[in-house]
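Participant:
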Amino acid sequence: MAVRKNRRRSAARKRREDRRKAALIAGIAGVALLVLLWSVIWPYVVGTLTLGTVGGGGWWLWKTDRLIRGDDEKWRHENAVSAGHRTLAEVDAMEATEFEDFVADLCRRDGCTEVRRVGRTGDDGADVRGRLPDGRTMVIQCKRYNPKRKISSGEVRDLLGSQVHFRADVAIFVTTTYFSGPAERCAVQNAVLAVHRDHLGLWNTGTALPALTAVNGSGQGDRRHAVRRKETYE
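Position in the sequence shown (first residue = 1) + 74 = the working numbering.
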């Protein structure tokens, strides 16, 4: 039994030695071949190393640039939100053109592009035009009214006419007051984003414009809120 074990151990040892010798011979042969062919292959070796170094460096620079840009965009957004804060009392005190500029600035803060204020006499019902972050065109009507006043359904229909006139994908009505019941229903039924006073407060304090679509047609409160508003502003 012991003799068999010794034979197996000897055989295993011999196989390991054979593998080491084979590896050594292969290594020596590889080095010899590399030396013999170096004059031919060195440009390819150097080129491969150079490409690898340049590629790795390029990837590192790209990754670093993305991180820096991401941090910069985050800082700019937070700064824009902070700088854009206004109390609703301050917004109420704005002139009509100031309010339109204020709305345009909020749009730019949220990534909208080609934003411009176009409100003037004969503006065909549009005060601000531009593109949403997803590329859709938008037309915005801005009404800086006393909170006691309600937006009528006729004013919402005027905006719908403006949307057709400008062939805009999205119509948005932004106001410092609230919509009447028929006006709110007209807006929701025709996919108009109705940004009333409560939603304007959310938008002003950092909620992104596209996120307001999720609460469109809600948030004006019940009769108790209406009574409270009437008592506050009369």
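All residues carry an ideal CB built from backbone N, CA and C; glycine is no exception.
#1: I need the straight-line Cα distance from residue 192 to residue 137, nearest angstrom please.
#2: How many Å lie between residue 174 and residue 180 at the Cα?
#3: Nearest to residue 183 by alpha carbon, out of 204, 165, 200, 166?
#4: What separation, rounded to the nearest whole angstrom, lies between the Cα atoms of residue 162 and residue 275?
#5: Determine the DSSP secondary structure at residue 91, reduced to helix, strand or coil.
#6: In whole angstroms, give me the CA-to-CA distance for residue 172 and residue 129.
#7: Check whether the region 205–217 and the region 227–243 are in contact - that is, three or more C-beta pairs closer than 8 Å.
#8: Label residue 96 either buried or exposed according to how many other C-beta atoms from any shown protein chain fall within 10 Å of its C-beta, with 16 as the threshold for buried.
#9: Whole angstroms is fine: what's the gap from residue 189's alpha carbon to residue 284's?
#10: Quick one: complete beta strand (DSSP E) runs, 3+ long, within the region 179–237?
#11: Between residue 223 and the rest of its own chain, which residues show a CB-CB distance below 7 Å, the 5 nearest in sequence each way excluded?
#12: Grouping DSSP H, G and I as helix and E and B as strand, with all else coil, what is residue 266?
#13: Give me the DSSP bridge partner(s) of residue 253.
#14: Just to confirm the assignment, what range does the alpha helix (DSSP H) spanning residue 165 have?
#15: So residue 265 and residue 258 are in contact, right, with Cβ under 8 Å, and what is the actual spacing, rounded?
#16: I need the straight-line Cα distance from residue 289 to residue 253, nearest angstrom please.
#17: Thinking C-alpha only, which one of 125, 256, 262 is nearest residue 245?
#18: Beta carbon of residue 177, beta carbon of residue 230: below 7 Å?
#19: Could you compute how far the alpha carbon of residue 260 sits from the alpha carbon of residue 227?
Facilitator: Once the coordinates are examined:
#1: Reading the sequence shown from its first residue, position 118 is the one you call residue 192. Reading the sequence shown from its first residue, position 63 is the one you call residue 137. Answer to the nearest angstrom: the Cα atoms are 40 Å apart.
#2: Stepping through the sequence shown from its first residue, residue 174 is reached at position 100. Stepping through the sequence shown from its first residue, residue 180 is reached at position 106. Between the alpha carbons of residue 174 and residue 180 lies a distance of about 10 Å.
#3: Here residue 183 is taken as the residue at index 109 of the sequence shown, counted from 1. Closest by C-alpha distance to residue 183, out of 204, 165, 200, 166, is 204.
#4: For the purposes of this step, residue 162 is taken as the residue at position 88 of the sequence shown. For the purposes of this step, residue 275 is taken as the residue at position 201 of the sequence shown. Looking at the two C-alpha atoms, the distance is approximately 7 Å.
#5: As a working mapping, residue 91 is identified with position 17 in the sequence shown. If DSSP states are grouped into helix, strand and coil, residue 91 belongs with the helices.
#6: As a first step, residue 172 must be located in the sequence shown, where it is residue number 98. As a first step, residue 129 must be located in the sequence shown, where it is residue number 55. About 51 Å.
#7: With the rule of 3 Cβ pairs closer than 8 Å, the region 205–217 counts as touching the region 227–243.
#8: In the sequence shown, the residue the question calls residue 96 occupies position 22. By the Cβ-count criterion, residue 96 is exposed, with fewer than 16 other Cβ atoms from all chains shown falling within 10 Å of its own Cβ.
#9: The count along the sequence shown starts at 1 and reaches residue 189 at position 115. The count along the sequence shown starts at 1 and reaches residue 284 at position 210. Here the C-alpha atom of residue 189 lies approximately 15 Å from the C-alpha atom of residue 284.
#10: Uninterrupted beta strand (DSSP E) stretches at least 3 residues long and entirely within the region 179–237 occur at 187–191, 202–205, 211–217, given in chain order.
#11: Against the sequence shown, residue 223 aligns to sequence position 149. Answer for residue 223: 251, listed in chain order.
#12: For the purposes of this step, residue 266 is taken as residue 192 along the sequence shown, with counting starting at 1. The three-state secondary structure of residue 266, taken from DSSP, is coil.
#13: For the purposes of this step, residue 253 is identified with residue 179 of the sequence shown, where counting begins at 1. Looking at the DSSP output, residue 253 sits in a beta bridge with 225.
#14: The residue given as residue 165 occupies position 91 in the sequence shown. 162–166 is the span of the alpha helix (DSSP H), which, as asked, contains residue 165.
#15: Along the sequence shown, read from residue 1 onward, the residue named residue 265 stands at position 191. Along the sequence shown, read from residue 1 onward, the residue named residue 258 stands at position 184. With 8 Å as the limit, residue 265 and residue 258 do not qualify as a contact, their Cβ atoms being about 13 Å apart.
#16: As a working note, residue 289 is residue 215 in the sequence shown. As a working note, residue 253 is residue 179 in the sequence shown. Taking the straight line joining both Cα atoms gives about 14 Å.
#17: For the purposes of this step, residue 245 is taken as the residue at position 171 of the sequence shown. It is 262 whose Cα lies nearest to the Cα of residue 245.
#18: Locating residue 177 in the sequence shown gives position 103, where the first residue counts as 1. Locating residue 230 in the sequence shown gives position 156, where the first residue counts as 1. Not in contact: residue 177 and residue 230 (Cβ atoms no closer than 7 Å).
#19: The residue labelled residue 260 in the question sits at position 186 within the sequence shown. The residue labelled residue 227 in the question sits at position 153 within the sequence shown. Looking at the two C-alpha atoms, the distance is approximately 6 Å.
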